[in-house]
Amino acid sequence: MKKIIMVLCFTIAISSLSFAESVKAYVSNNKIGTDDTLTFTIEGENLDGDLNIVSSLNFPGFTIVSGPNRSHSISIVNGSMSKKDSLSFVLAPEREGKFTIPSFTVKAGDKEYKTKPIEIEVVKGSIVPHQRNRGNAYDPFDNFFDDDFFAPPRPRNVRPEDIFIRTEVSKKKVYLGEPILVKFRLFTTVPITQLGLQEAPSFEGFLAYDIDANKRIRFQSTVLAGKRYNTAIIYKKVLYPTKSGELVIKPLSFVLNAQADFFFGKRVIRKSEPLRIKVLPLPEPPKDFSGLVGSFDIHASVDTNNAKVGQSISFKVVVSGKGDLKALENIIPDTIDGFKIFKSSSPKITSKDPINQSKVWDIVLVPVREGKLEIPSIKLTYFDPLLEKYVTKETNPIEISVSGKVESGGTVNIVSPAEGNEVRVLNKDIAFIKTGKIDTTSYIVNSKALIIVSSVVPFLFIFWGIFVRIVDERRKNDVEYRKQKAYSFFKNKLKKARKFARKKNSKEFYQTLSKAVISYFSDKFSKPNIELRIDEIEQMLKEKGVDEKLIKQLTDFVEYCDFESYTPHSSGIKLELINEANEIIQKVEKAL
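For reference, each letter of the sequence shown is one residue, going -20 to -1, 1 to 572 in mature numbering (1 follows the signal peptide of the UniProt record, and there is no 0).
Right under this line is the structure:
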């Protein structure tokens, strides 16, 4: 029995090879009306590979409603097997007249084939017989007397022209970096119960962003080529081309569950057609080009135009417009004359719309001197694709009136003497009450001695304090002594910072940490503390060959502490910064 089956299988396989390969083209009707559609099909039989059209698609006098739609079928007749592959297009006539669907070159495997041209006549109106419109629901009484009484109802086939997807774009010719809105629109004549993507889409050559991702799909009725469809946007993307040249938006495959009949649902796969986008390169950019492509505005504001030295000012810059603002990194200058700049967290994009966006920079400025100071204008240069040229916009300069002097606890660091250790008496209890007779003589003698000592000791302490003060002042001016004691002085300042932490005084806590670090380098490098800045410290450490990572860690630490001390809504006290400061300075000690 097994041998017979094997012989039959071999015979079927051999017979299938005897079928000749062939390709033909045909249409559903050679004569149609202007309100009708026709289906054009290219069919290949027993081909070695997938069927693909290699010549350009051109249908004079017709519009492609859907396609190409692929289908595959295998049949076995009398032990002979044949395979068919087809590509079909649904076409709608544009006007009356006689038209010719040209010959197409198709390829399967390594072989090419040519189809024959087909003549089509288009007349006015419609020549397709009209049937009673019952939607596409199954009619249980349709051909009731002709069908077998016990025959089960049959599901109706879903044709390519019943369901198809079109790709719509806002522009087919754009500049590099210019946004493109892509919509995938579904046309259907049958109810759809489920819809989804067959696989994750890939937009090669583009940055892709979702738009209206969670928005409910809403259908509306429309007439196309004399036929009524329900249509809806089922998928939307915003694309930004990342390279110039001709780019292709590849087809997307959608899986749909079509309710073809009253009792039946059918799984259908439909592909969108590919679209070619021509991307133009940008002209030679100016030196201050921001990298933005679109149309934008820029605004700057402050919370006050009057301040005192050391008082923080909130400075806000907003860039808004049509384009991808994620490409814009920093537009704030590194220095502003008369101010110290504290940059907050990274700039924020306030809109979820991938086309119309706003980006905000929140900056804290601290004036360091009195007088009329000016925040200069900030420029933004971008390429406008509508004007086809580079455009520069800028903010108005902002004048700030600064009065008053630097207060203690401000931005200027002042050398202070090292703090001594605290003396505490702990675990000392009350003595027992002595009982018995009291010796009054010894008490009188002791009391006289106590009076003499109590009169002399205060003067001794005063003279000792003056002596220590004089020695300390001399030592402060002793370069070598300051260098040797720099780390000890630094540790004492950390103790002071810990006190402010216990008191929940965040401003003094962060200012003391910053001062402790600056003062350490003031002592270490024999520099006046009031003149020493973090950028000068950075330069000196580089000259001494200190590791750049350590230098960056140091500068970031000081800038963070300075920022927190001038931010009204600080993130709170972080005690771990005390240990971090100590670790940084210990590393510096070893490096020096």
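Built from N, CA and C at the ideal position, the CB exists for glycine as well. Values in this document were obtained by computation on a predicted structure and should not be read as measured data.
Here residue 65 is buried, its C-beta having at least 16 other C-beta atoms within 10 Å. About 5 Å separates the beta carbon of residue 43 from that of residue 72, a gap short enough to meet the 8 Å contact definition. Taking a contact as a CB-CB distance under 8 Å, the pair residue 168 and residue 266 does not count as one, their CB atoms being some 51 Å apart. Between residue 255 and residue 149, the CB-CB gap stays under 8 Å. Between the region 339 to 346 and the region 367 to 377, the count of Cβ pairs shorter than 8 Å is below three; the stretches do not touch. Residue 365 is classed as buried because its beta carbon has at least 16 other beta carbons within 10 Å across all chains shown. Put simply, the backbone Cα of residue 47 is about 59 Å away from that of residue 344.
Around the beta carbon of residue 545, a 10 Å sphere encloses 16 or more other beta carbons of the protein chains shown; the residue is thus reported as buried. For residue 368, there is no enclosing alpha helix (DSSP H), as DSSP marks it with neither H nor E. Exposure of residue 247 is indicated by the presence of fewer than 16 other C-beta atoms within 10 angstroms of its C-beta. The beta carbon of residue 539 sits closer than 8 Å to those of 322, 514, all from its chain and outside the five residues before and after it, given in chain order. By the neighbour-count criterion, in which a residue is buried when 16 or more other Cβ atoms sit within 10 angstroms of its Cβ, residue 525 is exposed. With contacts defined as CB atoms closer than 8 Å, residue 494 and residue 462 fail to qualify as a contacting pair. When Cβ pairs closer than 8 Å are counted between the two stretches, the region 155 to 163 is seen not to touch the region 79 to 90, the count staying below three.
When DSSP states are grouped into helix, strand and coil, residue 491 belongs to the helix group. Spatial neighbours of residue 98 in its own chain (CB-CB distance under 8 Å, excluding positions within 5 residues in sequence) are listed in chain order as 5, 6, 7, 10, 20, 80, 81.
Here DSSP, grouped into helix, strand and coil, assigns residue 190 to strand.
Residue 566 sits in a helix when the DSSP states are folded into three classes.
Spatial neighbours of residue 138 in its own chain (CB-CB distance under 7 Å, excluding positions within 5 residues in sequence) are listed in chain order as 170, 238, 240, 246, 248. Sequence-distant partners of residue 189 (beyond 5 residues in either direction) whose C-beta falls short of 6 Å from its own C-beta, in its chain, are 218, 334. Excluding five sequence positions before and after residue 350, the CB atoms of its chain that fall closer than 8 Å to its own CB belong to 289, 382, 383, 384, 385, given in chain order.
By alpha-carbon distance to residue 162, the top candidate from 186, 143, 141 is 186. In the three-state reduction of the DSSP assignment, residue 168 falls in the strand class. With contacts defined as CB atoms closer than 8 Å, residue 287 and residue 293 qualify as a contacting pair. Annotation for residue 519: no beta strand (DSSP E) segment contains it, though the alpha helix (DSSP H) segment containing it runs 514 to 523. When the Cα atoms are used, residue 203 and residue 326 turn out to be separated by approximately 51 Å. Under the DSSP definition of a beta bridge, residue 250 partners with 234.
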